[in-house]
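>
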């Protein structure tokens, strides 16, 4: 179960259930294998025929002359348990199951899928499917699928949960002459899933981009880990179905997966650095754009057009989607004045006027390519008697080819029209320049580049630190949770939460409880008017259903009347509800403050998610909230706030003390940490939250707890900082230092650390001369996925600053079988035992995680590392011809 080599690079294939009958799966697969030119052995298995498609057939699996690397199982589900038993006996390595009825239970309580999977896992057989269309690997001339058409060679990998989407994409790609490095249908994905394929294809030399069609995700953590890692190496586009509740239900039925809100999937895709498209049309457009595009250097778009109306439509589409229109500098406008008629627009969009010919287009484009204030250019053309569409297109192509700076820009084209523009668009396609039929389509494609750039930037951005809570506060929070878990109730209101919230420096408006109108009046007299009175009932989540909130009560009569009215309405509407009286609060001053709402819920797939939006009684999460996965740091909180503002979910008001967005980010991070620290919190709702400058007051709050005892808890989709691995250690010279996992905030510390490592030591670590580490390189060293890799840093305080002394890193494969390690210690600190202690820390960590073996590589000249490895019982193997030493420790 260790890798996909036999699956993705088979040398022999058995077709179980091969057939001569047309339209049978076994017949289609044999035809595709033979006609695609696969060079390996093809072995049909069937007792019905002596040969299939002219190839000698074998009556039984046991009669095969060799164990196949890949078996394509085309038989009915009722035979497949026996098929896998036979495949296991002969030592097959991988199988594709095309049967669509494997979900049924035949002779046992287990489905056929599960029975076959159990056999496969015991015998190390990898499975694609069931209900899979198969796969196509053009670079191996392999078509092991039921597809009516094959794929040509290219550098795009496509992975889909839907067979129908596969054939649609394939048909379109063939029409556009777009090729693939791999084309894989997951089907029900009982074994091989998105995560493993992302891990494998992201390092495949033939693959430069990966497309995913997703109905639903089963294991969020493995998917997120693989996606975040792969998106650092390859462009990944995701077409996710189920945007509506009805679509989510259909997707759940189709794949058998759990349902999750679409906005949560959207957040997960952004968090992974991937790009989401909403339909097949957008997928085709984004694919065409990303296939030919260079990475955007910025987001400023210039538009060149011969028609004002289409350009205005393009600008509207750009602004509505959060894009930026470039502002032309005076120098550029002056240059355009010399080559364009006086009636041109003198701004961006650059309207060349309706009589613009091909030369005017070329001249204007040359000026823009010399402009440093523009990052991308959209060239638009509407049908014109003066400007021939094909000639103008050729002039644009020639200009781009001739200009030395053109490769620094993303250039897109929109040639409107059908018959008159068809040949021009074909010219652009052949020249590798993205082209679109409509202004909105072109802008949509450009915004895919922008959104992809933003997601990648979010993936690599270094967060700032925020003081969350100290050890004493953490202990107090744990005690509060454990104490309240003993109560019979599971939900807690504002008046009960001050003990928890104060541990995270979150202020709650003081609240008093009253069981009847007279007690409510007594409390109001003590705290002073005006007051608010609110229903208390664990059975009624939305107080507005019974008008359970009365505000600005200014005297005893109003308080008494309001309290009695609330209790009467509730008893009438919900006679069986538990009514605990009312809560009484002083009226918080809303003057100069803005009302917000924040919720944290546990999603069945992605675990805890945080939702941010405007305050208000009617709150539809899909419409009124922006969502982010936990855990949050300052950079991720900032993206949540900015995204909320960009899409109008958060509309900051012009107030004397406007909401401090940095303080809001800190508040979100503290809430995130509270839920991470206390996994018993399964939901939290702050509504309303009053924001006044950098001050935030919780007016009403609700927290739900659930004990972990005997309850399988949903994991976080992204593993948080593992504080349990922090350790104080003493070096040989008596100096104390801290071993802890690396943090994204350590980027500058890592840069300073590297400056204190000699060039010779860096060469031994990286096997090459390394220059200055840029932001991306440092981000890769400090922003790690704690679920699949670990980097321990040794730190101590010098001149009141925390500095790094050494780094030990281990990266495991996707099955946690082999983990590769590396160690680097500051050159002036050798001989203090730091390297050995860091190595032992890695060994202990890997053993705890269940890793099978640790491996590393160094140079023979690195005698210190080789000696240390031997002392710690590593097997060492010197390869003088490669000037390397392999180190291996079985755990």
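Residue numbers (the UniProt record's numbering): 1 to 891. Think of the CB as a built atom: it goes at the ideal place given N, C-alpha and C, for glycine as much as any other residue. In this text the structure is predicted, and so the values were computed from the model without any measurement.
(1) Helix or strand or just coil, what does DSSP make of residue 608?
(2) Out of 303, 378, 292, which one is the CA nearest neighbour of residue 349?
(3) When the distance is taken between beta carbons, is residue 163 closer than 8 Å to residue 195?
(4) By a C-beta neighbour count over all protein chains shown, 10 Å radius and 16 as the cutoff for buried, is residue 797 buried or exposed?
(5) Any idea which residues DSSP pairs residue 134 with across the strands?
(6) Quick one: Cα of residue 767 to Cα of residue 233, how far?
(7) Would you report the Cα separation of residue 566 and residue 444, rounded to the nearest angstrom?
(8) I want to know whether the segment 626-645 touches the segment 563-582 - three or more CB-CB distances under 8 Å.
(9) So residue 361 and residue 311 are in contact, right, with Cβ under 8 Å, and what is the actual spacing, rounded?
(10) Nearest by alpha-carbon distance to residue 23: which of 845, 118, 145 is it?
(11) For residue 124 and residue 603, I'd like the C-alpha separation in whole angstroms.
(12) Quick check on DSSP: helix, strand or coil for residue 517?
(13) Can you round the beta-carbon distance between residue 197 and residue 159 to whole angstroms, since I take them to be within the 8 Å contact cut?
(14) Buried or exposed: which applies to residue 881, given that a residue is buried once 16 or more other Cβ atoms fall within 10 Å of its Cβ?
(15) Per DSSP, residue 550 forms a beta bridge with which residues?
(16) One question on the structure: do residue 804 and residue 812 come within less than 8 Å of each other, judged by their Cβ atoms?
(17) Name the residue from 747, 400, 424, 741 whose alpha carbon lies nearest to the alpha carbon of residue 391.
(18) Nearest to residue 47 by alpha carbon, out of 695, 863, 59?
(19) Please work out which residues of its chain come closer than 7 Å, Cβ to Cβ, to residue 521, disregarding the five sequence neighbours upstream and downstream, and give them in chain order.
(20) Is it buried or exposed for residue 848, if we count other Cβ within 10 angstroms and need 16 for buried?
(21) How many angstroms separate the CA atom of residue 660 from the CA atom of residue 388?
(22) Measuring only the C-alpha atoms, how far is residue 843 from residue 229?
(23) List the residues that DSSP assigns as beta-bridge partners of residue 351.
(24) In whole angstroms, give me the CA-to-CA distance for residue 363 and residue 243.
(25) When the Cα of residue 3 is compared with those of 883, 862, 683, 191, which residue comes out closest?
(26) Pick out whichever of 393, 374, 373, 371 has its Cα sitting closest to the Cα of residue 381.
(27) Rounding to the nearest angstrom, what Cα-Cα distance links residue 212 and residue 223 in this structure?
(28) Could you check if residue 93 is buried or exposed, using at least 16 other CB atoms within 10 Å of its CB as the buried criterion?
(29) When you compare the CB of residue 464 with every CB in chain B, is at least one pair closer than 8 Å?
(30) Below 8 Å CB to CB, which residues in the same chain sit around residue 711 once its five sequence neighbours on both sides are set aside?
(31) Determine the direct distance from the alpha carbon of residue 325 to that of residue 623, and round the result to whole angstroms.
(32) With DSSP as the reference, please indicate the residues paired to residue 277 in a beta bridge.
(33) What distance in whole Å lies between the Cβ atoms of residue 73 and residue 88, which are believed to be in contact at a cut-off of 8 Å?
(34) Within this structure, are the beta carbons of residue 610 and residue 650 separated by less than 8 Å?
(35) How big is the Cα-Cα spacing for residue 657 and residue 700?
(36) Round the Cβ separation of residue 494 and residue 583 to the nearest angstrom and send it over; I've been treating them as touching at under 8 Å.
A quick look at the data gives this:
(1) Note: residue 608 maps to strand in three-state DSSP.
(2) For residue 349, the nearest C-alpha among the options comes from 303.
(3) The answer is no: Cβ separation not under 8 Å.
(4) So residue 797 counts as exposed.
(5) According to DSSP, residue 134 bridges with 145.
(6) So the alpha carbons of these two residues sit roughly 21 Å apart.
(7) Computed Cα separation, rounded: 51 Å.
(8) Segments in contact, no.
(9) Not really, about 14 Å apart at Cβ, beyond 8 Å.
(10) The residue with the shortest Cα to Cα distance from residue 23 is 145.
(11) Approximately 33 Å, taken between the alpha carbons.
(12) Three-state result, residue 517: helix.
(13) Yes, residue 197 and residue 159 are in contact; Cβ-Cβ is about 5 Å, under 8 Å.
(14) Counting of Cβ neighbours within 10 angstroms places residue 881 among the exposed residues, the total staying below 16.
(15) Under DSSP, the beta-bridge partners assigned to residue 550 are 533.
(16) At a Cβ-Cβ threshold of 8 Å, residue 804 and residue 812 do not count as neighbours.
(17) In terms of CA proximity to residue 391, 424 leads the group 747, 400, 424, 741.
(18) For residue 47, the nearest C-alpha among the options comes from 59.
(19) Once the five neighbours on either side are set aside, the close Cβ partners of residue 521 are 556, 559, 560.
(20) The residue in question, residue 848, is exposed, as its Cβ has fewer than 16 Cβ neighbours within 10 Å.
(21) Between the C-alpha atoms of residue 660 and residue 388 there is a straight-line separation of about 55 Å.
(22) C-alpha separation (whole angstroms): 24 Å.
(23) 305, per the DSSP bridge assignment.
(24) If you draw a straight line from the Cα of residue 363 to the Cα of residue 243, it comes to about 45 Å.
(25) Comparing Cα positions, the closest option is 191.
(26) Closest by C-alpha distance to residue 381, out of 393, 374, 373, 371, is 393.
(27) Put simply, the backbone Cα of residue 212 is about 12 Å away from that of residue 223.
(28) The residue is buried, with at least 16 neighbouring Cβ atoms inside 10 Å.
(29) Here chain B cannot be found, since the structure has a single protein chain.
(30) In this prediction, residue 711 has a pLDDT of 48, which is less than 50 and means its spatial position is unreliable; nothing more can be read from the coordinates.
(31) Distance from the CA atom of residue 623 to the CA atom of residue 325, rounded to whole angstroms, is 27 Å.
(32) In DSSP, residue 277 forms a bridge with 239.
(33) That pair is no contact at about 13 Å.
(34) Result no, Cβ atoms of residue 610 and residue 650 do not sit closer than 8 Å.
(35) C-alpha separation (whole angstroms): 22 Å.
(36) The distance from the Cβ of residue 494 to that of residue 583 is about 7 Å, consistent with a contact at the 8 Å cut-off.
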